[in-house]
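Beneath this line is the structure, given in structure tokens, with notes to follow.
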Amino acid sequence: MYRKRNEDAIFLEETDLTDSQIEETRVTYERNADKYVLNYERRPGALEEARLFTLDPFLRAMEKLSLKGKILFTGCGSGRDMEEAIRQGFNCVGIDTSLHMLNIGKIMGITSPMMEMDMEKMDFPNNSFEGIFCETAIAHVKKKTYTPLFQSFKKVLVSGGILLVTFRKGDGRVYITEDKVGGKRYYVTLTRKRAEKYLTELGFEIIGKSSHKVGNRPPYYNLLAINKK
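Mapping of the sequence shown onto our numbering: residues 34 to 262, in sequence order.
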């Protein structure tokens, strides 16, 4: 079962997540939300990293294209990135499967809508958003569901809307983390070529690419794309 281990991750032979792995990951976030927020989401320097590699490039692209409507933050957690976007004057909505995580954000003072919702089962009308910010959450769903997931993103995005999606870059295998959060979190990885193909096959136009690494885990691969309907 186990194939390779480094300081922060255990790599498996599997190339896609199982239902039990997805459920265990969700339970880990829900039960250990306080630890996750403290040690990762809102640790010193975390917001600055997010702004540099994903959030600010996304927001500047919104401004460049004169997109001033709502932004959907999927897997928003306690709302760190959403909170910064609001501070910069954007209208935001957040969804996450962890009610505990959402409540932390509300306790911290976020008043914009934050809803318990699975991004694979979104309940929004078509063309509801001018931007979707999906950082890392994509790594916790099955790769075989990526195409219908991105199709649903297209439906709720306006034509010309912006999508930011962050994958975990790798050779396609699943890996586990057992860390300061407690419990286990499972991730899927993708090659650059495969990650880009998911978007371009559905008509997204990729306008920005970057990658960055935090610690010894697989690096992030960030894609910025325009919805071409």
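We put the CB at the ideal spot given by N, CA and C, even for glycine.
In terms of CA proximity to D67, H133 leads the group E234, K188, H133 and L223. Per DSSP, the beta-bridge partners of G164 are I104 and I195.
Nearest C-alpha to F162 among K177, L50, R227 and K101: K101.
For R218, no alpha helix (DSSP H) run applies; the uninterrupted beta strand (DSSP E) run containing it begins and ends at R218 to V221, by DSSP. Sorting L235, R75 and N255 by C-alpha distance to the C-alpha of K262 places L235 at the top.
In the three-state DSSP reduction, A42 falls in the coil class, being neither helix nor strand. Taking C-beta atoms as the reference points, V221 and L88 fail to come closer than 8 Å. Of the candidates T48, V70, E46 and F91, V70 places its Cα closest to the Cα of G215.
When rounded, the separation of the alpha-carbon atoms in G138 and K175 is 27 Å.
For M95, the enclosing alpha helix (DSSP H) begins and ends at D89 to K97.
In this structure, the alpha-carbon of F86 lies about 8 Å from that of N255. Only exposed fits D156, as fewer than 16 other CB atoms lie within 10 angstroms of its CB. Leaving aside the five residues that flank G127 on each side, the residues in its chain whose CB is nearer than 6 Å to its CB run, in chain order, F106, C109, G112, M115 and M147.
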